[in-house]
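Input: a single structure, listed below in structure tokens.
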Amino acid sequence: MTTLPDKTSEMEQAVAEIRDGATVMLGGFGVPGTPFALIRELVRQGKRDLTVIKNDANEQGLGVDHLLAAGLLRKLITTHIGLNPRAVAMLNAGEIEVEFCAQGILAERIRASGAGLSGILTDIGAETELAAGKQIVSVDGRPVLLERALRADVALIHADKADRFGNLAYAATARNFNPMMAMAADLVIVEAEHVLPLGGLAPDQIHTPGPFVDRVVHLQSISEEYGVVQR
Amino acid sequence: MSNAKARMIARAAREIAPGMVVNLGIGLPTKVVDHLPSGFPFCLHSENGMTGIGPSLPAERADRNLIDAGGAYVSPIPGSAFFDSAMSFALVRSGRLDLTMLGAFEVAQNGDLANWKIPGKFSPGAGGAIELAQKARRVVVLTTHTDRAGKPKLVEGCTLPLTALGCVGRIYTDMAVIDVTPEGFALREIAEGLDPDQVIAATGAPLVLPQGDLPTF
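If you're matching them up, the sequences are chains A and B in order.
The numbers in the working numbering rise by one with no breaks, and the one at position 65 of the first sequence is 65.
The numbers in the working numbering rise by one with no breaks, and the one at position 20 of the second sequence is 1020.
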């Protein structure tokens, strides 16, 4: 009997593969599912001129905010940054470029590239300012927007459980954008709270199959960034 | 919260019919569930990937992985499901979402909604609002009748960037229940203690008054 390859890696080595100027997808919707440890390592290694694709800009002092504070982020493709005053201020000051996308359309653009497709056709936002600059296609006589597939150089993913091959399972609402992003980048790095031996995840429990994943990093500890936000 | 706002929310809760799949916007709409009787059969949806949403939890009892789209820590209930963001909006866009209740900066008499951007002042991005407004089978708005400066939110035409065109069916405010009809805004119910002239004065577009009774709430 053959076996499946082992993709476990050290965090420092995995993140060292990312180059300056890379386009980086970050999982997460608010706190749940955000790869905080990988983001910290990205900041520690000083990767710069990054284009980040993430649902939101986290809150001040969390996740994406460290990239903003360190001046490492050039462009953000996102749906909503209202909970991070620094992101709003940097946008208004012209210090970062922000491309807003409707939330479900962001998910579909990512999913499309993960599925090897060039884009999607949708009427969402077709009559709003989000349509500006987008190609309009007629389908059955109806005008719809061509929304291009979004691919990244790197996806940083947070999973609850991974096996050594990179089969993944997410916890509760920490799933959000992670499964699509895990399909849509040339280098997919996963941080997992639990790394299990092969067979540790039942085949029916797997949300992302291992062939999409390149590196699996075990989170040795869960920092307070992952914790419940005290408001 | 003012008494009038509380009554608006209680009145809006009657919008939810048994069996519906419902998404409630952040802020006032979220409070609508507090007015549903225990055991009321409906399905609450949250954009971040959950259906079957239980009561929100204080920080000390929260699960760090379990929030709603507004960032509140919530609890699961028997029958809850978790799914990814593509699945979540597939549900919205494909017609499975019966009702959404949203806030508003402006609602026009033709049902146009502006609730995501005030150029130069507030531009955090629309999140999931465009898909909810454009694709929910029914869109109702919960809002104060006027803004903080006393300016009407119900207007002839929106001046702010639109979320979606012609999407709003009904508006619940602290002053009135108003439907969007082919004839424009139609007054259906009025808050107790007000008379129609006060509502007309606070509305930035013509208001069609009912022929017969005007129920209060």
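The beta carbon of each residue, even a glycine, is placed where N, CA and C say it ideally should be.
- Assignment of Arg1096 of chain B by DSSP, reduced to helix, strand and coil, places it in the coil class.
- Here Val229 of chain A is not near Gly166 of chain A, since their CB atoms are 8 angstroms or more apart.
- Minimum Cα-Cα distance from Arg109 of chain A among the listed residues A:Ala169, A:Lys54 and A:Ala37 corresponds to A:Lys54.
- Secondary-structure assignment with DSSP links Ser9 of chain A through no beta bridge to anything.
- Restricting attention to A:Met181, A:Asp20, A:Ala184 and A:Ala159, the CA atom closest to the CA of His194 of chain A is found in A:Ala159.
- Around the Cβ of Asn1003 of chain B, a 10 Å sphere holds fewer than 16 other Cβ atoms; the residue is exposed.
- Taking 8 angstroms as the cut-off, the Cβ atoms of Glu41 of chain A and Glu12 of chain A count as close.
- Per DSSP, reduced to three states, the secondary structure at Leu1142 of chain B is strand.
- Counting along the chain, no alpha helix (DSSP H) covers Phe1122 of chain B, and no H or E run does either.
- Judged by beta-carbon spacing, Ala1069 of chain B lies beyond the 8 angstroms limit of Met180 of chain A, meaning their Cβ atoms are not closer than that value.
- Annotation: the continuous alpha helix (DSSP H) that includes Asp1197 of chain B extends over Pro1196 to Ala1201.
- 8 angstroms or more divides the Cβ of Leu106 of chain A from the Cβ of Val154 of chain A.
- When Cβ pairs closer than 8 angstroms are counted between the two stretches, the segment 1076-1093 of chain B is seen to touch the segment 169-176 of chain A, the count reaching three or more.
- In the structure shown, Met180 of chain A falls within a helical segment according to DSSP collapsed to helix, strand and coil.
- At least one CB atom of chain A sits nearer than 8 angstroms to the CB of Ala1059 of chain B.
- Inclusion of Gln45 of chain A and Ala16 of chain A in the CB contact set at 8 angstroms is warranted, their separation being smaller than that value.
- One alpha carbon belongs to Asp1098 of chain B, the other to Asp20 of chain A, and they sit about 46 angstroms apart.
- Annotated three-state conformation of Glu193 of chain A is strand, per DSSP.
- Under a criterion of Cβ atoms nearer than 8 angstroms, no residue of chain B is adjacent to Gly61 of chain A; the nearest Cβ is some 15 angstroms distant.
- Cα atoms of Gly94 of chain A and Lys75 of chain A: separation of roughly 11 angstroms, rounded to the nearest angstrom.
- Taking 8 angstroms as the upper bound for CB-CB distance, Thr1203 of chain B and Leu1160 of chain B are not in contact here, some 17 angstroms apart.
- For the segment 94-158 of chain A, the continuous beta strand (DSSP E) assignments of 3+ residues that do not extend past its boundaries occur at 97-100, 119-122, 136-139 and 142-148, in sequence order.
- Straight across, the Cα-Cα distance linking Lys1117 of chain B with Ala1186 of chain B is about 27 angstroms.
- Counting only residues of its own chain and dropping the five nearest sequence neighbours on each side, Met1020 of chain B has a CB closer than 6 angstroms to the CB of Phe1042, Asp1098 and Leu1099.
- For the segment 26-54 of chain A, residues whose beta-carbon sits nearer than 9 angstroms to a beta-carbon of chain B comprise Phe29, Gly30, Val31, Pro32 and Gly33.
- Contact annotation: in the segment 1037-1053 of chain B, residues whose CB is within less than 9 angstroms of a CB in chain A are Ser1046, Glu1047, Asn1048, Gly1049 and Met1050.
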